[in-house]
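A.B. asks: Numbering (UniProt numbering) for the sequence shown: 1 to 56. The C-beta atom is built at its ideal place from N, Cα and C for all residues, glycine as well. The model shown is predicted, which means the values in this text are computed figures rather than measured ones. Quick one: this structure, given as structure tokens, is what I'll be asking you about.
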Amino acid sequence: MPLAHDAHKPMFDLKPADGAIGSTQQYVGTCRSDFKKLSEDILARLNTAADLHGDR
1 MPLAHDAHKP MFDLKPADGA IGSTQQYVGT CRSDFKKLSE DILARLNTAA DLHGDR
């Protein structure tokens, strides 16, 4: 996390130029995948809730 803080970027957006190299770059990829899945799950739940309430 300190790298993300210093680079003023989210962890999943760090690049080698930001200092994310080696095992840190692997963690960045894992973090990106986790956030992508989380955002997709949230969107699916919102869509389901909207469908149930007839908001579409």
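Where Ala7 and Leu43 are concerned, what is the direct C-alpha to C-alpha distance, given to the nearest angstrom?
C.D. replies: In a straight line, the C-alpha of Ala7 is about 28 angstroms away from that of Leu43.
A.B. asks: In or out: Ala49 buried (at least 16 other Cβ within 10 Å) or exposed?
C.D. replies: The residue in question, Ala49, is exposed, as its Cβ has fewer than 16 Cβ neighbours within 10 Å.
A.B. asks: Any heavy atom of the ligand MG within a distance shorter than 7 angstroms of the CB on Thr30?
C.D. replies: With respect to the ligand MG, the structure offers nothing, as it holds no ligand at all.
A.B. asks: Taking the C-alpha atoms as reference points, what is the distance between Asp18 and Phe35?
C.D. replies: Distance between the alpha carbons of Asp18 and Phe35: 19 angstroms.
A.B. asks: Is the distance from the Cβ of Leu14 to the Cβ of Val28 below 8 angstroms?
C.D. replies: Yes, these two residues count as a Cβ contact at 8 angstroms.
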